[in-house]
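To start, the structure itself, in structure tokens.
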Amino acid sequence: MKEVSFKVIHLFLHPYYEEDSHDYDVALLQLDHPVIISPLIQPICLPAPSHIFEPGLHCWITGWGALKEGGHISNILQKVDVQLIQQNICSEAYHYMITPRMLCAGYYQGRKDACQPILYLPLSSQGDSGGPLACKEPSGRWFLAGLVSWGMGCARANHYGVYTRITQLACAVQCTVQLSQATLHVSLTPRHESSIAPPSTCPASRWSSTQPPLLHFPQNEFLPLEMRSSKEEQTVNFIQDSSDTAVKQTSCSPKLGSAQCCLT
50 MKEVSFKVIH LFLHPYYEED SHDYDVALLQ LDHPVIISPL IQPICLPAPS
100 HIFEPGLHCW ITGWGALKEG GHISNILQKV DVQLIQQNIC SEAYHYMITP
150 RMLCAGYYQG RKDACQPILY LPLSSQGDSG GPLACKEPSG RWFLAGLVSW
200 GMGCARANHY GVYTRITQLA CAVQCTVQLS QATLHVSLTP RHESSIAPPS
250 TCPASRWSST QPPLLHFPQN EFLPLEMRSS KEEQTVNFIQ DSSDTAVKQT
300 SCSPKLGSAQ CCLT
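Residue numbers (my numbering): 50 to 313.
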């Protein structure tokens with residue numbers, strides 16, 4: 050087993066992020082050096098705004114969070130499959146607090162979930178926040194459908210996990226990549242290493258470096274993320290392990306204009 054660490058030198062936050070509701074819950078990290086692609090560290094595709102993740106699709110979440118509500122965090126990367134939930138069903142379960150920037154996954158009976166912060170309790174993080182919701186398309190490519198955001202406890206019945214819906218924020222992400230002229234980091238942990246699509250199979254961005262999506266979408270919804278310098282030293286760790294029981298944490302470290310961005 051080999052661990053690879055990176056320092057975070059800049060943090061890009063969405064300017065409309067709301068701490069109470071967790072709306073617009075997305076950020077990008079600029080690392081101190083590029084991620085080296087290897088058989089165990091591979092990119093994931095970012096979906097286009099028009100990409101549809103059908104309800105009922107089984108996807109995968111991973112993280113080092115608590116193994117049960119109120120429990121201790123894990124020192125071994127965990128994985129579990131969850132099912133995408135219809136927006137209206139999840140909205141009813143959460144008394145209509147689900148916004149268009151949110152995506153729900155899990156099961157009505159509970160039992161499988163990420164351990165994420167409880168809404169209105171920002172200090173209740175249980176370790177899985179920001180982790181990937183990765184979905185495999187029929188083409189064999191993995192797409193980042195969401196990011197672990199919030200929920201009501203862990204794996205409670207009729208309380209699905211709530212994720213940041215990447216398709217709703219893809220323009221802001223792409224605009225930030227283009228305007229920052231920086232190397233950014235996005236992470237994915239797929240189910241099996243052999244199922245990961247190589248970077249060359251992911252389409253390049255449909256926006257050129259001279260035409261950021263801000264020009265195509267003038268509404269404030271698509272402003273680039275705010276950049277903040279990292280005041281405290283932060284690190285990002287990846288685990289490389291060839292065993293069958295360990296999950297392969299992968300990443301995409303695209304530079305501007307590279308097809309490895311996996312943006313559609």
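Glycine included, every Cβ here is placed at the ideal spot set by N, Cα and C.
Note that this is a predicted model, so its numbers are computed, not measured.
Cβ-based burial, residue i [other Cβ within 10 Å; buried from 16]
i, result
"Ala206", "exposed"
"Gln158", "exposed"
"Gln260", "For Gln260, the predicted structure reports a pLDDT of 30, less than 50, and the residue's modelled location is therefore unreliable. A value from the coordinates is still provided. Looking at its Cβ environment, which holds fewer than 16 other Cβ atoms inside 10 Å, Gln260 is exposed."
"Tyr73", "buried"
"Gln223", "buried"
"Ile125", "exposed"
"Glu68", "exposed"
"Lys51", "exposed"
"Pro88", "exposed"
"His82", "exposed"
"Gln127", "buried"
"His144", "exposed"
"Pro92", "buried"
"Pro187", "exposed"
Cβ-Cβ distance between residue i and residue j below 8 Å
i, j, result
"Val84", "Gly210", "no"
"Pro96", "Ala219", "yes"
"Tyr212", "Ala154", "yes"
"Ala163", "Gly180", "yes"
"Gly120", "Asp177", "no"
"Gly195", "Leu152", "yes"
"Leu80", "Phe55", "yes"
"Cys184", "Cys108", "yes"
"Arg214", "Cys94", "no"
"Tyr135", "Pro104", "The question names Tyr, but residue 135 is Gln in the sequence shown. Cβ atoms of Gln135 and Pro104: closer than 8 Å."
"Leu182", "Ile110", "yes"
"Leu106", "Leu133", "yes"
Supposed close pair residue i, residue j - CB separation, criterion 8 Å
i, j, result
"His63", "Val75", "5 Å"
"Thr225", "Phe61", "5 Å"
"Ser198", "Met146", "Wrong, their Cβ atoms sit about 12 Å apart, outside the cutoff."
"Gln227", "Pro149", "With 8 Å as the limit, Gln227 and Pro149 do not qualify as a contact, their Cβ atoms being about 24 Å apart."
Those residues which DSSP pairs with residue i across a bridge
i, result
"Leu193", "Ala183"
"Tyr212", "Leu152 and Val197"
- request: Taking only runs that begin and end inside the stretch 77-146, name each unbroken beta strand (DSSP E) of 3 or more residues, in chain order.
  value: For the stretch 77-146, whole beta strand (DSSP E) runs of length 3 or above, ordered along the chain, are 107-112 and 127-133.
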